Amino acid sequence: MSIEIKTAKIEPIRNTYAHIVRRFGDKPASRYQEATYDVAANTNFHYKPLWDQEHDLNDPSRTAIAMEDWYAFKDPRQFYYGTYVQNRASMQEKAEGNFSFFEKRRLGDALPDVVRDRCITFMLPLRHVEQAANLNNMYCSSNANFCTALSQAAIFEGMDRLGTAQYYSRVGLALDGNTGSSLIAAKEDWMNNPAWQGVRAYCEKTLTVKDWFETFIAQNLVFDTLANDLYFRQFDAWLTENGGQDIVMLTDFMQVRATETQRWADSIIKTAAKESEANADHIRSWISSWRIHAQAALEPLATAMLSETALPEAFAALEKRLTKIGVGE
Amino acid sequence: MAVKALQEGYHGEFKDSAEKFGGAIVVYIGWDKHLWFCSPKAFPLDPNMPFGAVVENVLPAGFGAHPQFAEIDWDKVEWSLNQQPFTPDMEKSLAEQGFDHKCLLRMKTPGLDGLHGASI
Amino acid sequence: MSRVQIGLQDNDESRYIVAAIEEDNPTAIVHYEPALIRIENEGHLQINRESVSEQMGMDWDVQSIHVNLVTLTGNIDEDDDYFRIEWAN
Amino acid sequence: MEAKKLNVKEKYRLLTRDLDWEFSYEDRKEAFPYEEFEGIKITDWSKWEDPFRLTMDAYWKYQAEKEKKLYAIYDAFAQNNGHLNVSDARYVNALKIFLTAISPAEYAAHNGFAFTGRQLGGIGARIAAQMQSIDELRHIQTQIHAMSHYNKHFEGFDEFSHMHDRVWYLSVPKSFFDDARSSGPFEYIVAISFAFEYVLTNLLFVPFMSGAAYNGDMATVTFGFSAQSDEARHMTLGLEIIKFLLEQHEDNVPIVQKWIDKWLWRGYRLLSVVAMMMDYMLPQKFMSWKEAWELYFEDAGGALFRDLERYGIKMPACAELIAKEKDHLSHQTWWTFYTFGHAAAFHTWTPSAEEMDWLSEKYPDSFDKWYRPRFEMAAELAEKGERFYSEGLPQLCQTCQIPMFYTECGDDRPDDTCYRSTHYQGERFHFCSDHCKDIFEDEPEKYVHAWLPVHQIFQGNCGGADLADVMKYYKLNDGAVNADYMGSSDEQRWKALKGIA
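Right, here's the structure in full:
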């Protein structure tokens, strides 16, 4: 067969790019490896940033965390752009199916008022929380610009959080028949309801943090762990008990995504803490200061939405996670 | 105009200031109408070297590949230093004749105006 | 009047879009270049959802133009029913 | 309750624009600290018009569709050894330049838009920037993957990452993006979204990708046009940001004009290498640089600037010089690389007789008079085994960092090198043009910090003073990646594969 003759002559002269060979040996590389490792520039920059004359353009010293090799950070999902968008596209297709089922069957009409009201007051304002999470992860991406493994995973997280904010908004539209009235009501809660003011203050505060690794801890570890437990376990259970199980279908995307992304966040923190005592100390001290903020922020919300035991339960989930990744007390 | 930066006192490092060249000065040399050499060239030179050494060593290395180089009558070359007419003294050092860091030396060779009427 | 132009990847889907453009913009000029279909018109060009859907024989979502779009010049106005580019001058 | 039908505009407003809120607990300036120092005045972000209204679900859906198509072609290309179908192995050298010079710039753009996508105060503009940021990540990754197969069969691709931070000619694209990224968020977005994406990007992608199609390179055509489908969105963002800034406050007009002037010129200088690729590196020629400039800049760009006149924006003055340089640009650039081909990571050659005839036809006013004799002389020497390489190192322009090869085209003296210089704090600085000099003089505090490769070599920061040392520092395999195409290992392998004696 002609194909065999051809392949016999066409021997490759190398298997992959030289920087990939230096890291992994001279063998065929995965698309994730070629798309990720050593892509970012790391030396000989031309100008000082007009907005930060103390640092180079791509500068690892914008965080207190120090690493011998920043590419020690891995994304367990091995997402590069192509695999990321294809994965999310299939998730959105499923979400789209759920929304259209919900809308076609007019499941919103059948919801008990108490479920609808609680969703508007307590769930829809999460779209603003997610907007802060979007910005915080963009902050991580743009500051971790010296390491593609980090900058890409952080922008995926950032775009995910925008998508999540938009899905929460669509829950609102599904509840109010596309008038937007539920979103207006939820924003009113976000701005003025005492139950939400702590969370809003927390979000605003995270947006002023300078060290991007601290931002990461405040957002993706401390806040998300607590909020995920409050919403995806406890509030879900409440919804199911109170005739709101159809809403759970609409938040399926958010839950699946949050679980998946947690593995990535865990691996980042674990790797940084394992690198050195100094890193572990920074991480522990950020955790301890942000958990105090989080306690104050979430207490009124958790109590109003669920009960007085809700937040302690969420903190137990946080403890468990911290222990698992080796930064517990 | 001056730069607008977030904080006061913004200033980049002078990446090519004289002291960074280990005592050498950078001298740029261009040969007019000889575009065989796409651009002027840069040379790190000892400011204490006599101008004659530039003619004897530096120029042949940089421009000797051109067929007209061998025909140059060095007495007839029209020099300019930093865009001012300049009459070199072969014995005197560069520094003594006003060569400083990142200066530009151009030479015109009347009668040798490149090849093929195309300033090659 | 200034010319606007739009470029689409030369593939099957684009051919329906081009047919719809030609129908709705009679003065448009279509150039077939390697792998690229470039369409020019004076002042403006409009792509209508209905016309493309008609050509394809199925519903066409205006936003899906981004899959085949290669380039354009002019100010964009995009809505559910149309995608329009034009110059104000 | 019957659900109301939402149109795209309303839906986008509800899903996206309303996510933002007024701060009560922190000073908003602490969260968005870079919005004011450039002097841009924003009175009302809500006036921002979203140029396109993609929500994330639609973004994932359409982008996944594009990626699926693209990677299917990559797989087929690799399985079928698609590199054997290119017109000639000389063509592959254009791809080497693409991967080493353009692709890393995509990553820089990804980062710059992540920065603006975090720092702009208005949510509409911010999200548009974020989408562009992730798109740019797509571009570098799809380019790395497209070139992955070529890397297995040709020299000059494998060290692209190491090269980008070091090699002399790659400081041109790197400094361009470093310049934009070290600017504030508004200058960045005007520089890249408007001047580069809107005004110039067609000149990079469209002719080059059509050229790839002409030369049988389906992998490149596919990634190029697939990337370009994102560019259409990016270009629109560029135009919207300009209109928005101009409408916000009249004080913005002179600032924006200054940035347009600067970045059109910076971008044009960067495209010198594209001009050369089009005219000299495509064995099957498609369109000359001059024709591309006329079609995509003079025609399309002319319409754009007429549209912007009502805001008081003028066509940048440099356009006049560019129009005069278009007869010379590609020839001078290729000559520079040809003569410094021993220090580059791609091969160079003299154009064949047929190619010279094509160049004469496309450049009737310049090629036969100024450039044909030069290339014929070079070809003759090469024939005799005396291939010409220029000794030593070229003088570089302080701003664009390109060797000072440009001539006084503005003055109709295309055979006189253009020399410009200025003094700043006791030091002399040199430029290739009035425009590069103007850019420096406007912000000397910034441009003194340029990492000029030639000076870095002299300072001993690049491995040594000899070419061999410097090549080692670049991690370039001297004798394999560089010098003339004739006699190169690329040529030998190609001939063996094609059964050419």
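Chains as they are written, first to last, in my numbering: chain A, 85 to 413; chain B, 4 to 123; chain C, -8 to 80; chain D, 972 to 1472. Positions of the beta carbon are idealized from the N, C-alpha and C atoms, including for glycine. Everything numeric in this text was worked out from a predicted model, so none of it was measured.
| Item | Value |
| --- | --- |
| Could you check which residue in D:K1214, D:G1093, D:E1462 and D:A1065 has the C-alpha nearest to that of K1256 of chain D? | D:A1065 |
| Per DSSP, what kind of secondary structure is K358 of chain A in: helix, strand or coil? | helix |
| Taking just the CA atoms, how far does F1023 of chain D sit from V283 of chain A? | 32 Å |
| Along chain A, which residues have their Cβ under 7 Å away from the Cβ of Q10 of chain B? | Q137 |
| Can you tell me which of B:L38, B:I28 and B:Y31 puts its alpha carbon nearest to the alpha carbon of G117 of chain B? | B:L38 |
| Which two residues bound the contiguous alpha helix (DSSP H) that contains F185 of chain A? | Y165 to K188 |
| Please classify W1465 of chain D as buried or exposed, where buried requires at least 16 other C-beta atoms within 10 Å of its C-beta. | buried |
| Using the rule of at least 16 other Cβ atoms within 10 Å of the residue's Cβ for burial, across every protein chain shown, is D308 of chain A buried or exposed? | buried |
| Taking C-alpha atoms, which residue in A:P144, A:N276, A:L334 and A:L310 lies nearest to M175 of chain A? | A:L334 |
| Would you give the residue range spanned by the alpha helix (DSSP H) that D1021 of chain D belongs to? | Looking at the DSSP string, D1021 of chain D is not in any alpha helix (DSSP H), and its letter there is neither H nor E. |
| Along the segment 264 to 276 of chain A, what residues have a CB closer than 9 Å to any CB found in chain G? | The question asks about chain G, but that chain is absent: this structure's protein chains are A, B, C and D. |
| Per the DSSP calculation, H119 of chain B is bridged to which residue(s)? | According to DSSP, H119 of chain B bridges with nothing at all. |
| State yes or no: is the beta carbon of H57 of chain C nearer than 7 Å to at least one beta carbon in chain D? | yes |
| Give the secondary structure of Q0 of chain C by DSSP, where H, G and I count as helix, E and B as strand, and everything else as coil. | strand |
| What ranges does the alpha helix (DSSP H) occupy inside the segment 20 to 98 of chain B, keeping only unbroken runs of at least 4 residues that lie completely in it? | 62 to 66 |
| According to DSSP, is Y23 of chain C helix, strand or coil? | strand |
| Please list the partners that K132 of chain A has in chain B, where partner means a Cβ-to-Cβ separation under 9 Å. | A8, Y13, H14, G15 and E16 |
| By the criterion of Cβ-Cβ separation under 7 Å, what are the contact partners of S1473 of chain D in chain A? | This structure cannot speak to residue 1473 of chain D, because chain D is shown only from 972 to 1472. |
| Is the beta carbon of N1453 of chain D less than 7 Å from the beta carbon of H1313 of chain D? | yes |
| Evaluate contact between the segment 403 to 412 of chain A and the segment 357 to 367 of chain A, counting only Cβ atoms and requiring at least three cross-stretch pairs below 8 Å. | yes |
| Under the rule that 16 or more other beta-carbon atoms within 10 Å means buried, what is W1019 of chain D, buried or exposed? | buried |
| When Cβ atoms are compared, which residues of the segment 1415 to 1427 of chain D fall closer than 9 Å to chain B? | P1415, E1416, K1417, Y1418, V1419, H1420, A1421, W1422, L1423, V1425, H1426 and Q1427 |
| At a Cβ threshold of 7 Å, is V61 of chain C touching chain D? | yes |
| When burial is assigned at 16 or more other CB atoms within 10 Å of the CB, is Q1114 of chain D buried or exposed? | buried |
| Is it buried or exposed, D273 of chain A, if we count other Cβ atoms within 10 angstroms and call 16 or more buried? | buried |
| Please tell me whether, using a cut-off of 6 Å, the distance from the CB of D193 of chain A to the nearest non-hydrogen atom of the ligand COA is below it. | Of the ligands one can find in the structure shown there are none, so the ligand COA has no counterpart to examine. |
| Grouping DSSP H, G and I as helix and E and B as strand, with all else coil, what is M110 of chain B? | strand |
| Flag this pair as touching only if the segment 1410 to 1426 of chain D and the segment 1138 to 1145 of chain D have three or more C-beta atom pairs under 8 Å; answer yes or no. | yes |
| Which word fits I371 of chain A, buried or exposed, when buried means at least 16 other C-beta atoms lie within 10 angstroms of its C-beta? | buried |
| Does any residue of chain D bring its CB to less than 7 Å from the CB of M207 of chain A? | no |
| At which residues does the alpha helix (DSSP H) containing N1122 of chain D begin and terminate? | I1094 to N1122 |
| Between D1278 of chain D and chain C, is the shortest Cβ-Cβ distance under 7 Å, so that the two count as touching? | yes |
| Distance, Cα to Cα, K1037 of chain D vs A124 of chain A? | 24 Å |
| Does the beta carbon of G114 of chain B come closer than 7 Å to any beta carbon on chain D? | no |
| Between the beta-carbon of V61 of chain C and the beta-carbon of Q(-4) of chain C, is there less than 7 Å? | no |
| May I ask which residues mark the beginning and end of the alpha helix (DSSP H) holding P1424 of chain D? | P1424 to F1429 |
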